[in-house]
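**Student:**
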DNA sequence: AAATAGGTGGGGAAAAGTGGGGAAAATAAA
DNA sequence: TTTATTTTCCCCACTTTTCCCCACCTATTT
């Protein structure tokens with residue numbers, strides 16, 4: 001599954017190279033959507049189907065679950081990997097995540113996250129300082 | 001399993017030699033990730049899979065579990081041992097752990113830890129002095 | 001002091017990432 | 001329906017990175 005942090009460039013046509021080792025899993029089809037903390041989530045078809053199922057079953061009586069489902073479902077777009085191993089990100093998603101040229105591709109096991117490099121560094125600085133405290137909270141999960 | 005303390009040098013290409021006796025266990029694949037106290041953890045594939053499984057199942061709706069998963073999963077990288085018994089550490093991990101030239105490789109039974117030598121000495125000095133007090137606190141863990 | 005084994009450094013081939021031209025397809029306009 | 005314009009995607013060429021391999025160094029053993 002996906003792990004690691006990679007740095008790639010968006011070209012003028014809005015294409016982003018996917019690290020070689022992730023391509024096979026994504027080659028059967030994949031879905032990008034709006035993620036949390038201002039990044040994009042990229043799923044394999046299979047993982048997306050599971051997630052979409054969960055989202056569709058959220059009770060729509062609550063306004064915040066409606067908002068969340070709209071964000072992730074209406075925001076989604078299926079993408080294909082071209083022969084050079086790149087995906088074309090639609091303009092509205094690039095805008096949403098504030099992607100310019102430098103993009104970080106991060107492996108989060110069952111999804112990839114796409115971040116503007118500056119935002120990613122900022123986020124990392126913030127969370128690495130708190131990492132010991134966060135780790136303490138995770139202790140009860142057996143980690 | 002892994003025990004002992006070794007001192008090795010990072011070369012200009014970011015490669016680090018692994019002590020001979022650890023190589024066989026790591027040769028089937030291994031994963032480095034961000035550890036606590038500013039060092040890196042190096043796991044065998046098998047050990048890593050156990051850990052990753054726990055991390056992957058954390059719900060992404062909570063911000064602190066997202067942060068932790070990003071730290072540990074996006075922070076991880078699978079590495080291969082080359083024919084000379086070295087691993088290539090990606091730049092972002094070297095930066096995280098402040099690795100310069102001198103690196104300590106320490107065996108912690110089911111993982112290796114990689115430390116900048118200065119930080120390691122500093123940490124050792126501090127904890128060796130406090131070791132008796134720390135030991136007292138360990139009593140209730142059955143040690 | 002020679003021999004061996006583990007560790008270190010660097011050159012070069014191969015692979016991965018990047019940028020851009022142009023054909024094909026899709027969409028919009030006439 | 002035809003023409004024009006835009007978008008998508010395939011392909012080629014260039015650059016950068018990775019990794020394989022050879023050679024050398026250093027320390028330990030005989």
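Protein chains in written order, with full-length UniProt numbering: chain A, 1 to 143; chain B, 1 to 143.
For each residue, glycine too, the CB sits at the ideal point set by N, CA and C.
#1: I'd like to know if residue 143/B contacts chain A, where contact means its C-beta is closer than 9 Å to some C-beta of that chain.
#2: So residue 65/A packs on residue 58/A, CB below 8 Å; how close in whole Å?
#3: Classify residue 27/B as helix, strand or coil using the three-state DSSP reduction.
#4: Over what stretch of residues does the alpha helix (DSSP H) that includes residue 96/B continue unbroken?
#5: Classify residue 106/A: buried if its beta carbon has 16 or more other beta carbons within 10 angstroms, exposed otherwise.
#6: Spell out whether any CB of chain A is found under 9 Å from the CB atom of residue 2/B.
#7: Would you call the region 27 to 40 of chain B and the region 95 to 105 of chain B touching, i.e. three or more CB-CB distances under 8 Å?
#8: Would you verify that the beta carbon of residue 37/A is, or is not, closer than 9 Å to some beta carbon of chain B?
#9: Quick one: is residue 18/B buried, meaning 16 or more other Cβ sit within 10 Å of its Cβ, or exposed?
#10: Please report the Cβ distance between residue 111/B and residue 6/B, rounded to the nearest whole angstrom; I am assuming they are in contact, meaning their Cβ atoms lie under 8 Å.
#11: Check whether the Cβ atoms of residue 108/A and residue 26/B lie closer than 9 Å to each other.
#12: Do residue 131/A and residue 80/A count as a contact pair if the criterion is CB distance below 9 Å?
#13: Could one say the Cβ of residue 119/B lies closer than 9 Å to chain A's Cβ atoms, at least one of them?
#14: Counting only beta-carbon atoms, is residue 18/A nearer than 9 Å to chain B?
**Tutor:** Once the coordinates are examined:
#1: The residue labelled residue 143/B in the question sits at position 143 within the second chain. The beta carbon of residue 143/B sits no closer than 9 Å to any beta carbon of chain A.
#2: For the purposes of this step, residue 65/A is taken as residue 65 along the first chain, with counting starting at 1. For the purposes of this step, residue 58/A is taken as residue 58 along the first chain, with counting starting at 1. Confirmed, Cβ separation roughly 4 Å.
#3: For the purposes of this step, residue 27/B is taken as residue 27 along the second chain, with counting starting at 1. The DSSP-derived three-state label of residue 27/B is coil.
#4: In the second chain, the residue the question calls residue 96/B occupies position 96. For residue 96/B, the uninterrupted alpha helix (DSSP H) run begins and ends at 91 to 97, by DSSP.
#5: Counted from its first residue, the first chain places residue 106/A at position 106. Taking a 10 Å sphere around the C-beta of residue 106/A, we find 16 or more other C-beta atoms and assign the residue as buried.
#6: Taking the first residue of the second chain as position 1, residue 2/B is located at position 2. By this cut-off, residue 2/B is not an interface position.
#7: Enough Cβ pairs lie closer than 8 Å, so yes.
#8: Walking along the first chain from the start, residue 37/A turns up at place 37. Closer than 9 Å to some Cβ of chain B, the Cβ of residue 37/A qualifies, so yes.
#9: Numbered from 1 along the second chain, position 18 holds the residue referred to as residue 18/B. Buried: at least 16 other Cβ atoms inside 10 Å.
#10: Within the second chain, residue 111/B is the residue found at index 111, counting from 1. Within the second chain, residue 6/B is the residue found at index 6, counting from 1. No, residue 111/B and residue 6/B are not in contact; Cβ-Cβ is about 14 Å, not under 8 Å.
#11: As a working mapping, residue 108/A is identified with position 108 in the first chain. As a working mapping, residue 26/B is identified with position 26 in the second chain. If you check the CB distance, residue 108/A and residue 26/B do not come in under 9 Å.
#12: Against the first chain, residue 80/A aligns to sequence position 80. Against the first chain, residue 131/A aligns to sequence position 131. Contact check for residue 80/A against residue 131/A fails: the beta carbons are separated by 9 Å or more.
#13: For the purposes of this step, residue 119/B is taken as residue 119 along the second chain, with counting starting at 1. No, no contact with chain A.
#14: Looking up residue 18/A in the first chain gives position 18. Chain B contact via Cβ: absent.
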